[in-house]
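Undergrad: The structure follows.
There are 2 protein chains.
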Amino acid sequence: MDECRYDVVGIGNAIVDIIARCDDAKLDRLGLPKGHMRLIGEDDVVSLYKEMGPAVEVSGGSAANTMTGIASLGGKSAFVGKVSDDEFGRIFRHDIRAADVSFEVPLAENDAPTARSLIFVTPDGERTMNTFLGVSPLLNNGEIDPTLIAQSKITYLEGYLFDRDEAKQAFHQAARIAREAGRKVSLSLSDSFCVDRHRQEFLNLIRERVDLLFANEEEICALYGTKDFATACDRVAEDADLAAVTRGAAGCVVITRGEKIEVSPDPVEEVVDTTGAGDLYAAGFLQGLARDLDLRTCARLAGVAAAEIISHIGARPENRLIRVAREKGLPV
Amino acid sequence: MDECRYDVVGIGNAIVDIIARCDDAKLDRLGLPKGHMRLIGEDDVVSLYKEMGPAVEVSGGSAANTMTGIASLGGKSAFVGKVSDDEFGRIFRHDIRAADVSFEVPLAENDAPTARSLIFVTPDGERTMNTFLGVSPLLNNGEIDPTLIAQSKITYLEGYLFDRDEAKQAFHQAARIAREAGRKVSLSLSDSFCVDRHRQEFLNLIRERVDLLFANEEEICALYGTKDFATACDRVAEDADLAAVTRGAAGCVVITRGEKIEVSPDPVEEVVDTTGAGDLYAAGFLQGLARDLDLRTCARLAGVAAAEIISHIGARPENRLIRVAREKGLPV
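Structure below.
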């Protein structure tokens, strides 16, 4: 790729996470779908928050997490997402800028509040997310800057954007601009329920405009309406040039049209909170690609970034990932 | 003590902590006094926040932390402090109630914002706090409920309250009510700079109205204007019936008019963030006293609670302290 201002620009929901631990019985009692993201309204936030234990607030948002991971790996990243001029909006803007990610979307005024996700983390480290999107999807009023997209090697889009029409339009707009500028487009499937909601649209997009697809096992199976992982892998090899599919503790499979590369996960002492595991996997992989590393090394870098994030609460790196990766002998 | 509704009621500043890591060079460059708390204005919050790295938000406040520690140890605690009806105020109220601490002070409206502390944590785990008090000190408009004080075995007051006249009046009011109701009064010296600012008033209070004094080595030395720890211990033995003085990695000394009991600290694998170490020490000690345990056991319980809090970011327990203490064979 020729010289670009950014390695990756990410477009996604701009969210502050409110994270508390809970046991599985509480998830059951509240009827929350374990391991998934569901959308909730503003009133639900109030009632569900009352049910949460003591929490911490930490900036999140899938693509935003990925962009902070890229910066932490020494890459140049930018984020496009929308927050309001309220306490959570100022927190989100502070945290992403402090992580050395370019973030130039102005704070919205007199609009809906900044998005927040009430995240319940069970003792096994699994996270269950309840997201109020607020102002976040309102991305079709000039927020997508064509120059920024054209100046980024890769445009990374989170599938969650498909859940709101305004955001979906912005998503398509960004993908089109990137392609027309000769840049790469990458998509994360985000959540299997999200895939269920938008299966055909995702398939069309992947076939027409996506260079690199990220998914986990459940999401790729949902995409092809199969319970058989091998079948889903065969199918995605026909539709996408490159797909990186994560399998939790079983590592990941990198799939090209001619090859399947299996990579073991990076060892983790204790899985504390899986929030952001997929986001940071994507960060490592994308940063490897931006550095023209081979696919196996990209996957290893992805695994190292994911291992860091699940070893603590919150989906933003607590350690400088470039240092962690170098200690493991990776060429970053 | 006869039957009370609460083991301890704590009165203090109601603060949300904004915690970020930094190196020592940054503290120097910003001129921040390492290991101390200093008060800052609302404008300083904006400029200093810009200097911070990516942060997490977690409820704090010295006495508030102590009350959550007591609840986590299975005790009954209540907290009196003031927050506004803003995002941070709602976070503070949620977190303390979710920790099973009674908190009935209404959210203030149309007033100053909720207090926040910008906390810089260096690689050695030391925390340096920059606190904007906002609405927090406005505690003299009926917030001190005489019935609540009279129904609590111990009233626990943080020295930080002395930094604002309105809060200091509330402090004296609460101490007087507790004494008149035949309850115990406990004071934490909070910070050596705070002691420097109010030395004589603290001494008068300790001699007249305090049953149990908490301090660290630096604070007790500041109180008596000496650099010699043994001298400070001798002096406090004359002024207070009971004092518990912490010495960081050197453990603590419990001082009565006739005895000095030295207790080793609880082992900690890694000191991540010392924010709240003194607060949780006080929690363990107070809960031990409320359960009529001997002083050495009170100090050990204090050490266990402090060890838990410094092993992670933030000053609220992440693990159920009663379980941790029982695993160590302590009778709670």
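Top to bottom, those sequences are chains W and D.
Taking numbering that gives the first Met the number 0, the leading residue of the first sequence gets 0, the next gets one more, and so forth.
Taking numbering that gives the first Met the number 0, the leading residue of the second sequence gets 0, the next gets one more, and so forth.
Using N, Cα and C, we set each Cβ at its ideal position, and we do this for glycine too.
Quick caveat: nothing in here was measured; it's all calculated off a predicted structure.
Would you say residue 28(D) reaches chain W, if we count a Cβ-Cβ gap shorter than 9 Å as a contact?
TA: Taking Cβ atoms only, chain W never reaches closer than 9 Å to residue 28(D), which makes this a no.
Undergrad: Within 10 angstroms of its Cβ, does residue 255(D) collect 16 or more other Cβ (buried), or is it exposed?
TA: exposed
Undergrad: Given that residue 363(D) touches chain W, what residues does it touch there, using C-beta distances under 9 Å?
TA: The first residue shown for chain D is 0 and the last is 331, placing residue 363(D) beyond what the model contains.
Undergrad: At a CB-CB cut-off below 8 Å, which residues of chain D make contact with residue 36(W)?
TA: Those within 8 Å of residue 36(W) in chain D number zero; the least Cβ separation is about 21 Å.
Undergrad: Starting from residue 227(D), follow the beta strand (DSSP E) in both directions and report where the run begins and ends.
TA: Segment: none, residue 227(D) is in no beta strand (DSSP E) and carries neither H nor E.
Undergrad: I'd like to confirm the pairing. Which residues does DSSP put opposite residue 25(D) in its beta bridges?
TA: Residue 25(D) pairs with nothing; no bridge assigned.
Undergrad: When you compare the CB positions of residue 187(D) and residue 76(D), do they come within less than 9 Å of one another, or not?
TA: no
Undergrad: Residues of chain W with CB under 7 Å from residue 87(D), in chain order?
TA: 86
Undergrad: Is residue 199(D) buried or exposed, if buried means 16 or more other CB atoms sit within 10 Å of its CB?
TA: Classification of residue 199(D): exposed, given that the 10 Å Cβ count is below 16.
Undergrad: Residue 217(W) lies in the alpha helix (DSSP H); which residues open and close that run?
TA: 216-222
Undergrad: Can you give the Cα-Cα distance for residue 126(D) and residue 34(D), rounded to whole angstroms?
TA: 5 Å
Undergrad: Check whether the Cβ atoms of residue 156(W) and residue 9(W) lie closer than 9 Å to each other.
TA: Against a cut-off of 9 Å, the Cβ pair of residue 9(W) and residue 156(W) comes out as a contact.
Undergrad: Identify whether residue 403(D) lies in helix, strand or coil by the three-state DSSP scheme.
TA: One cannot answer for residue 403(D) here, as it falls past the ends of chain D, which runs 0 to 331.
Undergrad: Over what stretch of residues does the alpha helix (DSSP H) that includes residue 6(W) continue unbroken?
TA: Boundaries for residue 6(W): no alpha helix (DSSP H) harbours it, while the beta strand (DSSP E) harbouring it runs 5-10, taken from the DSSP string.
Undergrad: Excluding the 5 residues preceding and the 5 following residue 329(W) in the sequence, name in chain order all residues of the same chain whose CB lies nearer than 7 Å to its CB.
TA: 296, 299, 300, 303
Undergrad: Run through chain D and tell me which residues come within less than 8 Å of residue 111(W), C-beta to C-beta.
TA: Result: empty, since nearest Cβ-Cβ is about 14 Å, beyond 8 Å.
Undergrad: Determine, for residue 75(W), whether the minimum Cβ-Cβ distance to residues of chain D falls below 9 Å.
TA: no
Undergrad: The alpha helix (DSSP H) spanning residue 280(D) covers which residue range?
TA: 276-289
Undergrad: In chain order, what residues of the same chain have a beta carbon less than 8 Å from the beta carbon of residue 32(W), not counting five sequence neighbours either side?
TA: 127, 192
Undergrad: Report the three-state DSSP secondary structure of residue 66(W) (helix, strand or coil).
TA: helix
Undergrad: Starting from the C-beta of residue 180(D), find all residues in its chain whose C-beta is less than 7 Å away, skip the five residues before and the five after it, and write them out in chain order.
TA: 148, 149
Undergrad: Identify the continuous alpha helix (DSSP H) that holds residue 302(W) and give its terminal residues.
TA: 294-308 is the extent of the alpha helix (DSSP H) around residue 302(W).
Undergrad: Going by alpha carbons, who is nearest to residue 48(W) out of 117(W), 87(W), 112(W), 260(W)?
TA: The shortest C-alpha separation from residue 48(W) is found at 117(W).
Undergrad: Report the CB separation of residue 64(W) from residue 275(W) in whole angstroms; it is logged as a contact under 8 Å.
TA: Yes, residue 64(W) and residue 275(W) are in contact; Cβ-Cβ is about 5 Å, under 8 Å.
Undergrad: Report the neighbours of residue 315(W) on chain D: residues whose CB is nearer than 7 Å to its CB, in chain order.
TA: Neighbours of residue 315(W) on chain D, chain order: 53.
Undergrad: Considering only the alpha carbon of each residue, which of 12(D), 313(D), 326(D), 320(D) lies closest to residue 57(D)?
TA: If we check each option's Cα against that of residue 57(D), 313(D) comes out closest.
Undergrad: Taking the alpha-carbon positions, what's the residue 203(W) to residue 306(W) distance?
TA: 32 Å
Undergrad: Name the DSSP beta bridge partners of residue 78(D), please?
TA: 9(D).
Undergrad: With 16 as the cutoff for other CB atoms within 10 Å, does residue 174(W) come out buried or exposed?
TA: buried
Undergrad: Grab the span of the alpha helix (DSSP H) containing residue 16(W) for me, first residue to last.
TA: It is not in any alpha helix (DSSP H) - residue 16(W) instead sits in the beta strand (DSSP E) that spans 14-20.
Undergrad: Measure from the alpha carbon of residue 146(W) to the alpha carbon of each residue in 326(W), 5(W), 46(W), then state which is nearest.
TA: Proximity to residue 146(W) across 326(W), 5(W), 46(W) peaks at 5(W), based on C-alpha coordinates.
Undergrad: I'd like to check one pair, residue 161(W) with residue 20(W): are the Cβ atoms closer than 9 Å?
TA: No, the Cβ-Cβ distance between residue 20(W) and residue 161(W) is not below 9 Å.
Undergrad: Are there 16 or more other CB atoms within 10 angstroms of the CB of residue 86(D), so buried, or fewer, so exposed?
TA: buried
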